[in-house]
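What follows is a single structure, written as structure tokens, with notes after it.
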Amino acid sequence: MERNPMRRQLAVMRQSLFDQGYLDEQFVQLEELQDDANPNFVEEVVTLYYRDSARLILNVEQALERKPFDFNKLDGYMHQFKGSSSSIGAKKVKAESTLFREYCKSGNGEGCMRTFQQLKKEYATLRKKLEAYFQLARQAGPMETACHPK
Amino acid sequence: MSTASSSAAWKAGDVVPDRFPAGLRVLVVDDDPTCLMILEKMLRTCLYEVTKCNRAETALSMLRENKNGFDIVISDVHMPDMDGFKLLEHIGLEMDLPVIMMSADDGKHVVMKGVTHGACDYLIKPVRIEALKNIWQHVVRKWKNEWKDFEQSGSVEEGDRQQKQSEDADYSSSANEGNWKSSKKRKDDEDETDERDDSSTLKKPRVVWSVELHQQFVAAVNQLGIDKAVPKKILELMNVPGLTRENVASHLQKYRLYLRRLSGVSQHQNSFMSHQEETFGPLSSLNGLDLQTLAATGQLPAESLATLQAAGLGRSTAKSGVPMALVDQRNIFSFENPKLRFGEGQQQHINGNNKQINLLHGIPMTMEPKQLVGLHHTAQSIGNVNMQVTSHGAQSGQNNSLLMQMGQPQSRGHILNDATVGHAPRLLSSMGQPILSNGIAANVSTRNRIPENIRAPGYNPVSQASSMLNFPMNHASELPGNILPLGSTPGMSSLTSKGTFQEDVNSEIKGSGGFMPSYDIFNDLNQHKPQSWELQNVSMTSDASQRSNSLQGNLDLTQSVLVQQGISSGQMNGQNRSAAVVSKAMCSAGDFSEQRNAQNVNQHFNTLLVDNTIRVKSEIVADVSPANLFPDHFGQEDLMSALLKQQEGIAPAENEFDFDGYSMDNIPE
Numbered sequence: 001m002e003r004n005p006m007r008r009q010l011a012v013m014r015q016s017l018f019d020q021g022y023l024d025e026q027f028v029q030l031e032e033l034q035d036d037a038n039p040n041f042v043e044e045v046v047t048l049y050y051r052d053s054a055r056l057i058l059n060v061e062q063a064l065e066r067k068p069f070d071f072n073k074l075d076g077y078m079h080q081f082k083g084s085s086s087s088i089g090a091k092k093v094k095a096e097s098t099l100f101r102e103y104c105k106s107g108n109g110e111g112c113m114r115t116f117q118q119l120k121k122e123y124a125t126l127r128k129k130l131e132a133y134f135q136l137a138r139q140a141g142p143m144e145t146a147c148h149p150k
Numbered sequence: 001m002s003t004a005s006s007s008a009a010w011k012a013g014d015v016v017p018d019r020f021p022a023g024l025r026v027l028v029v030d031d032d033p034t035c036l037m038i039l040e041k042m043l044r045t046c047l048y049e050v051t052k053c054n055r056a057e058t059a060l061s062m063l064r065e066n067k068n069g070f071d072i073v074i075s076d077v078h079m080p081d082m083d084g085f086k087l088l089e090h091i092g093l094e095m096d097l098p099v100i101m102m103s104a105d106d107g108k109h110v111v112m113k114g115v116t117h118g119a120c121d122y123l124i125k126p127v128r129i130e131a132l133k134n135i136w137q138h139v140v141r142k143w144k145n146e147w148k149d150f151e152q153s154g155s156v157e158e159g160d161r162q163q164k165q166s167e168d169a170d171y172s173s174s175a176n177e178g179n180w181k182s183s184k185k186r187k188d189d190e191d192e193t194d195e196r197d198d199s200s201t202l203k204k205p206r207v208v209w210s211v212e213l214h215q216q217f218v219a220a221v222n223q224l225g226i227d228k229a230v231p232k233k234i235l236e237l238m239n240v241p242g243l244t245r246e247n248v249a250s251h252l253q254k255y256r257l258y259l260r261r262l263s264g265v266s267q268h269q270n271s272f273m274s275h276q277e278e279t280f281g282p283l284s285s286l287n288g289l290d291l292q293t294l295a296a297t298g299q300l301p302a303e304s305l306a307t308l309q310a311a312g313l314g315r316s317t318a319k320s321g322v323p324m325a326l327v328d329q330r331n332i333f334s335f336e337n338p339k340l341r342f343g344e345g346q347q348q349h350i351n352g353n354n355k356q357i358n359l360l361h362g363i364p365m366t367m368e369p370k371q372l373v374g375l376h377h378t379a380q381s382i383g384n385v386n387m388q389v390t391s392h393g394a395q396s397g398q399n400n401s402l403l404m405q406m407g408q409p410q411s412r413g414h415i416l417n418d419a420t421v422g423h424a425p426r427l428l429s430s431m432g433q434p435i436l437s438n439g440i441a442a443n444v445s446t447r448n449r450i451p452e453n454i455r456a457p458g459y460n461p462v463s464q465a466s467s468m469l470n471f472p473m474n475h476a477s478e479l480p481g482n483i484l485p486l487g488s489t490p491g492m493s494s495l496t497s498k499g500t501f502q503e504d505v506n507s508e509i510k511g512s513g514g515f516m517p518s519y520d521i522f523n524d525l526n527q528h529k530p531q532s533w534e535l536q537n538v539s540m541t542s543d544a545s546q547r548s549n550s551l552q553g554n555l556d557l558t559q560s561v562l563v564q565q566g567i568s569s570g571q572m573n574g575q576n577r578s579a580a581v582v583s584k585a586m587c588s589a590g591d592f593s594e595q596r597n598a599q600n601v602n603q604h605f606n607t608l609l610v611d612n613t614i615r616v617k618s619e620i621v622a623d624v625s626p627a628n629l630f631p632d633h634f635g636q637e638d639l640m641s642a643l644l645k646q647q648e649g650i651a652p653a654e655n656e657f658d659f660d661g662y663s664m665d666n667i668p669e
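Residue numbers (the UniProt record's numbering), protein chains in the order written: chain Y, 1 to 150; chain A, 1 to 669.
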């Protein structure tokens, strides 16, 4: 149990991210990789993710503006995006990507567009939450080994 | 890195440095920077020496520059500049390093592709550190295999096999040990690592080439064209999960040998045969048989040989059903020759067959004495069938033996089925007797002939038949149902399924597919050969007439088979004295007659049967050359096809095959 109230707050925040389904077990894997050599590893990875995935989001955005939809291309982008998202444990974002791919496979343009909007929302929400989380983490100081949510 | 230097040392032995796997030099390739960063961190945590790369081209040049700079490569499947599988191939060819593929895609297809392209493992993203902890096993495995190969490079075959094993082992870390799952296994790591590490190099990840599998293989090869059939493409066409390119490659090698044998059937093949024999056992002993004779007699048309081959090897029904039978026949012949001692000079026929016989020999092994007893009906008939097929007296005998042999491993009944290929299904169905009848009939007919002709060890055919028959025979009580069981066996099934002879042939061949597994069985058979010989001899000794009688008495099926046979064998020069007897009995089959003129059967039943069998045999023999590889299959299928062919009116085989030599002792009275 965290002695520091900030730490406690951090722990609560972290737990809620898991409980609400924003993050999954993969995030814990990242946390476990964090050590003295890389004390901010998780944050670094997440930052890298958002930077790199922005490119993919843009690609999809542009592809959806071209009609008719090139479902293969869309699926390709989303495949990459899904891989990235899953590697940081972005659970909801990953779920939306999967759904998007389903629509691509079935050639459902409407479904694609709808899902993409939802995906962007989740993507943005997670970003905000994680940013807040990391900010607090920096303020709270080095964290002890995280308790795994599951 | 200690790994670099130590790897050489490790190769030499099983000793692995204590700090291993620490220091393992890993090259990770992924265009996704997030994944790359995470992987690098994970691998570092495992104490590996990591080099990361976000482009395949860069990775390849890195590897080329420093061939010994890495121990293992982990690569993503989807990359912009080069497909991951392509990179995998390059690495495998140029550097022969173990490569692990990764992807968020866990579809069976993709994973399979990894396997077929030679990846030693496949990880599903997101990758967990646990999965990476054990990747070192792939490196060790490879070393061990190489070491093993090095040690055993002396013996060709052995080395060959060893190589295959190691390749298999190496390539299927997760899929190894007969477990063809991919990433799943890998994920289970901990347990697997140990057992895999211990056993991977020790155990042989053998793929049992079942009839179905072989058929698929042959179909793929035919589709590609034998010249263009490369293991990779065959593998892709076959699309069998868990099958590696190595498996296909070695199988293809054997298949090619088989084909060569078929086309070049003649004494010269002996060398080939002997080679085969290693695998299949001392079939050469059959040499006494007239396979040679058979072959020589030219009974076996080249094409039939080819078909037989096809039949034998891949049981692909693609070719006429006969081919299979022929092939089997041939095989049978080869086996039979020595065994059957076709006095009548059948031996000559079977020159080429001898080779095959060898294969067959292996097969008969499986026949247990008791089985033989039970089978002798069947066996006899089968043998007869075989014999008949050959159309030559000798040949038929051989056929029988071949058949028998073939049938042995499987379920004797199979042979029956095969033999009766045409008949069986019909007979059975109509008779209510399962293929047995067909098989039996076939056997019966052959029996008749054989006993007369083949006194020799040819019993094998009988025994085989018995074995084949046994299969159904055992269930004889429930023949109707029994025969089906035969059918169930790979070989047998074909019989049952076929309604018409012709169809049967094909189906039988397929059914014979059951024999495919015999590939392995074959080897086993070889060991058992001795016993089968005994059994066979026993059966052979009995008088043909007795046999026919017994055949009749014992098996309704037999009768029906015979009848069938008789009908089909019409063409064969029946010397079946007993055949006549048998045919009478067979006539009762009635149903069979529909297949061929039953009436004829009666009279000529024996003859027909014999003829047919012989004929079929001869043809089969001719065709069956490399069938050795799958003696089991062939035996049955060939027989069947041979039979079928016979039925179709194959030119009367000059089998002087008579059943004399056939002891119908097996036929349970």
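For glycine and all other residues, C-beta sits at the position ideal for the given N, C-alpha and C.
All figures in this text were calculated on a predicted structure; none of them were measured in a lab.
Within the model, the alpha-carbon separation for Q9/Y versus A140/Y is close to 9 Å. The residue from N108/Y, G76/Y, Q117/Y and S106/Y with its alpha-carbon nearest to that of E96/Y is Q117/Y.
The three-state secondary structure of R25/A, taken from DSSP, is strand. Look at the beta carbons and you see the stretch 118-132 of chain A not touching the stretch 96-107 of chain Y: under three pairs across the two are nearer than 8 Å. For S75/A, DSSP records a beta bridge to V29/A and M101/A. Buried is the label assigned to E43/Y, since at least 16 other Cβ atoms lie within 10 Å of its Cβ.
Contact between L24/A and W136/A is confirmed by a C-beta separation of about 5 Å, below the 8 Å threshold. A check of alpha carbon separations from M82/A across T45/A, N54/A and V111/A identifies N54/A as the nearest.
Looking at E130/A, G92/A, I72/A and I129/A, the one whose alpha-carbon comes closest to that of V140/A is I72/A. Chain Y places a beta carbon closer than 8 Å to that of T45/A, counting this residue as a contact. Using a Cβ distance threshold of 8 Å, V93/Y and L126/Y count as a contacting pair. The Cβ-Cβ distance between P231/A and V248/A falls below 8 Å. Listed along chain A are D32, C35, A104 and K125, each with a C-beta nearer than 7 Å to that of G83/Y.
Neighbours of H78/A in chain Y, taken as residues whose beta carbon is under 9 Å from its own, are G76, H79, Q80 and G83 in chain order. By the neighbour-count definition (other C-beta atoms within 10 Å, threshold 16), V208/A is an exposed residue. DSSP lists no beta-bridge partner residue for K86/A. The DSSP-derived three-state label of T244/A is coil. C46/A is positioned such that its CB atom lies no closer than 8 Å to that of G83/Y. Among the bridge pairs identified by DSSP, K128/Y is matched with none. At a beta-carbon threshold of 7 Å, the residues of chain Y lying near M42/A are L33, ordered along the chain. Collapsing the DSSP output to three states places C104/Y in a helix. Ranked by how close their Cα comes to the Cα of P21/A, the residues R128/A, N134/A, G107/A and K67/A have N134/A in first place.
Comparing alpha-carbon positions, the option among K129/Y, F41/Y, H79/Y and E122/Y lying closest to K105/Y turns out to be H79/Y.
Below the 8 Å Cβ cutoff, chain Y contributes Q26 and Q29 as neighbours of R128/A, in chain order.
Here C53/A carries a strand assignment [DSSP, helix/strand/coil]. Spatial neighbours of K73/Y in its own chain (CB-CB distance under 8 Å, excluding positions within 5 residues in sequence) are listed in chain order as A63.
When only Cα atoms are considered, F69/Y and G109/Y end up about 7 Å apart. In this structure, DSSP gives D18/A a state outside helix and strand, which the three-state scheme calls coil. At a cut-off of 8 Å, the C-beta of I135/A has no neighbouring C-beta in chain Y. Contact annotation for Y49/Y against chain A: T34 [CB-CB distance below 8 Å, chain order]. Neighbours of I57/Y in chain A, taken as residues whose beta carbon is under 8 Å from its own, are absent, since the nearest beta carbon is some 14 Å off.
Leaving aside the five residues that flank T115/Y on each side, the residues in its chain whose CB is nearer than 7 Å to its CB run, in chain order, E96, L99, F100 and Y103.
Between E122/Y and N66/A, the alpha-carbon positions lie close to 45 Å from each other. Ranked by how close their Cα comes to the Cα of M95/A, the residues L87/A, M101/A and I234/A have L87/A in first place. Beta-bridge annotation (DSSP): D19/Y is not paired with any residue. In the displayed model, I124/A falls within a strand according to three-state DSSP.
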